[in-house]
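Notes follow once the structure below has been shown.
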Amino acid sequence: MHSDSGDDRQQQPGGEVGELHGAAVVLRPTTDTDIPTLDRIIREPEVAAWWSVPDDYRDMLAILCHDEVIGAIQFSEETDPEFRHASIDIFLTARRHGQGLGTDAVRTLAHWLIHERGHHRLTIDPAAANTPAIRSYRKVGFQPVGIMRAYGRDHRTGGWADGLLMDLLADELT
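Spelled out as structure tokens, the structure:
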């Protein structure tokens, strides 16, 4: 479930990040040529159930596997040194679900946010009903914090859906 929570957080355009290499994926700034592919992916029924079309794909990092764009990941940061945490959101083409690629992408970005950007805590907020995403995030080390009631739109029904707030402390990254 994608959200825009917190007025103090700053969205980081993908262009401020270089290439990040995971075990099987590469994360890199989104280019204009990626946008049609990402727009097609986000409209896939399995993806559209959890995501709405973003305002600008260029605020994201493209996820590539063998030079093919398979999704996107984004982060926002709380830069106040009293808090210094970040949040992550991700979507992946349905035909690549269940292959560990989303887990690899989240782990790769989490590693960079902790070790290069100096964040001590990361959050992610999937829909509470998105069991596969929750299972993936647990593999990276994210733990459930609590249910956020009526947190975001359920794109399948048009009603409100609960979200699950999950977090990861720097020493919990797997």
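Under our numbering, the sequence shown has 297 at position 110, and the numbering climbs by one with no breaks.
Positions of the beta carbon are idealized from the N, C-alpha and C atoms, including for glycine.
Worksheet item: Alpha carbon to alpha carbon, what distance is there between P216 and V204?
Response: 7 Å
Fill in: DSSP state of S239 mapped onto helix, strand, coil
coil
Practice prompt. Please list, in chain order, all residues of the same chain as V327 whose beta carbon is under 8 Å from its beta carbon, the five residues on each side excluded.
Written response: T290, V293, R294, A297, L355, L360 and T361
Worksheet item: So what does DSSP say about P313, is it helix, strand or coil?
Response: coil
Worksheet item: Excluding sequence positions up to five away, which residues of its chain have a Cβ less than 6 Å from the Cβ of A357?
Response: I301 and H307
Discussion item. Please tell me whether A316 and D276 are closer than 9 Å, where the distance is taken between their beta carbons.
Written reply: no
Practice prompt. May I ask you to verify whether the stretch 252-272 touches the stretch 331-343, counting CB pairs closer than 8 Å and requiring at least 3?
Written response: no
Fill in: Nearest to I228 (by Cα), restricted to the options R304, P313, L279 and G287
L279
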